[in-house]
Amino acid sequence: YKESHHRRWLVSSGETVRTAARESGFAVRLFRADGRVGHGSASGCGTGIQLSAVLEAAGRAADRCSPGQASLPPGAWEPPDLDLFDPTMEQVPAVEGLLLRMENAVLEEGRGEVELHSLLAIAGTSRVAMATSAGFSGSYSTSLVTVFLALRARRGGDLVFHRSAVATRHLAALDADRVARRAVRHARLKLDGGVVGSGPVRVALEPRIACLLLEHLAPSLHHGAVDRGRSSLPAAKPGEPIAATAVTLVDDPLLRRGLGSLPFDGEGRPTARHLLIRKGLQGVLLGAPTANGEGQAGATQRLSFTDPPRRAPSNLHFARGERSPRNILADAGSVLRVTGATLLGRGGPASGEIALSATAERLESGEPAGGVRQVTLVGRIGDLLAGVLEVGNDLSFHLRGGVMGSPTVVLDGMRVP
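Per the numbering used here, the sequence shown starts with residue 1, numbered consecutively.
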């Protein structure tokens, strides 16, 4: 069973539009002795829902399913408290105060050159409850606020736009002033008309941009992806080198306050942390049998109560390093720090190729040397993982086709065509 409530604020042209919505519903997942599984769901709650109708729908779905190896989750156990709920998220003045601080920071930092185009905030809470005939019963509540900031920067006849987004489970963890001022500085970089010559280039990917690599890499992290021709990585056994030693890649649904954290998964099973890459060496793949032989690595998730659970990454992230980005960049020589980017189509994840349309800042031994409005960067996932020189200690998480996290990543292996 899941119920959710969210409010939406859109600030544009000096006006604020407020809306609100609620949703609730439940689903039944039916397991049969021959391994067939069926799924049925219904919106709403209360006497208006006929459980028998949902069970019949799940039974019909099981009839269409091929026999498999499905089995009931384990019996009773106690899920952990991951601190995913912030009651202040339900307080309208608290959220509107955050938006006001962001508006004021843009006005002050923009100094007439950068202005607010629009500000969208979505804040809400959800409650999930699950019970199985094997004896498990658990529930948890979550809160989430996501802010989308759109700025316009003008200098002379030049007009450019910059967009950024941030999300958090707890309102107090969102530094509105810092987020807004950082976005203004990135927008101002686009007004510089600098160019980058063709050839190899050392880049520093800010955390949000490094998550683009993870988004492109994620399909390759599933067990069997290589055999199915869906992997951008070469086949490797556990313990074999697959990336630079600076790379440790983690799937962790048990992070406290994590945007993708799950006290229990979509089937009522315990969740666990897994190392997919450890100091450059191949670890476990999602969906691979666990070491104890009791299940598969990675949590199953439901996008909504209407969807059956599917195995997917949870808080997938590059582990943080030891040094600050400032200290790393001071020792990195000539670097292109990528502050904004979109992923361009280039053959899909299986091709291993990646292309970014990026906004960047040139750095020389950590010192600013001018902005770059637009540059195309291309590379291959395998080369980029092998080319990681160092990662920072500024790990942050972002919503990118799932929850991805990264610190600043400095790497070789990209080039300007």
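C-beta: ideal position from N, C-alpha, C; glycine also.
Asked: Backbone CA spacing between residue 380 and residue 242 [nearest angstrom]; Found: 13 Å
Asked: Buried/exposed call for residue 208, threshold 16 Cβ in 10 Å; Found: buried
Asked: Boundaries (first-last residue) of the alpha helix (DSSP H) holding residue 390; Found: No alpha helix (DSSP H) contains residue 390, which is instead part of the beta strand (DSSP E) from 388-391.
Asked: Nearest-angstrom Cα separation, counted from residue 162 out to residue 5; Found: 30 Å
Asked: For residue 325, three-class secondary structure by DSSP; Found: helix
Asked: Pair within 8 Å by beta-carbon distance, residue 296 and residue 237; Found: no
Asked: Reference residue 265, options 127, 309, 147, closest by Cα; Found: 309
Asked: Endpoints, alpha helix (DSSP H) assigned at residue 284; Found: Segment: none, residue 284 is in no alpha helix (DSSP H) and carries neither H nor E.
Asked: Closest residue to residue 106 among 256, 3, 152 (Cα-Cα distance); Found: 152
Asked: Helix, strand or coil at residue 97 according to DSSP, with G and I counted as helix; Found: helix
Asked: For residue 198 and residue 256, the rounded distance between their alpha carbons; Found: 44 Å
Asked: Opposing strand residues paired with residue 40 [DSSP bridges]; Found: 28
Asked: When 55, 144, 73, 113 are compared against residue 123, the one with the closest alpha-carbon; Found: 144
Asked: Residue from 12, 360, 408, 417 with nearest C-alpha to residue 191; Found: 360
Asked: Residue interval of the beta strand (DSSP E) (run including residue 209); Found: Looking at the DSSP string, residue 209 is not in any beta strand (DSSP E); the run it does join, the alpha helix (DSSP H), is 207-217.
Asked: Residues near residue 399 by beta carbon distance below 8 Å, same chain, minus five either side; Found: 146, 165, 167, 259
Asked: Under 8 Å between C-beta atoms of residue 41 and residue 54; Found: yes
Asked: Expected contact under 8 Å - CB spacing of residue 221 and residue 285 to nearest Å; Found: 6 Å
Asked: Option nearest residue 86 by Cα separation, candidates 98, 142, 133; Found: 142
Asked: From 224, 104, 405, 414, residue whose alpha carbon lies closest to that of residue 184; Found: 104
Asked: Span separating the alpha-carbon of residue 312 from that of residue 182; Found: 31 Å
Asked: Alpha carbon of residue 11 to alpha carbon of residue 278, nearest angstrom; Found: 44 Å
Asked: Proximity of residue 329 and residue 363 at Cβ, strictly below 8 Å; Found: yes
Asked: Inter-residue spacing [alpha-carbon to alpha-carbon] between residue 316 and residue 214; Found: 8 Å
Asked: Those runs of the beta strand (DSSP E) which lie wholly inside the stretch 215-269 and span at least 3 residues; Found: 249-251
Asked: Beta-carbon gap between residue 382 and residue 231 smaller than 8 Å; Found: no
Asked: 7 Å Cβ shell around residue 319 - same chain, five flanking residues per side excluded; Found: 248, 250
Asked: 8 Å Cβ cutoff met for residue 217 and residue 356; Found: no
Asked: Among 267, 321, 326, the one whose alpha carbon lies nearest that of residue 303; Found: 267
Asked: Straight-line Cα distance separating residue 335 from residue 205; Found: 10 Å
Asked: Among 108, 369, 262, nearest to residue 300 - alpha-carbon criterion; Found: 262
Asked: Residue 52, DSSP secondary structure in three states; Found: helix
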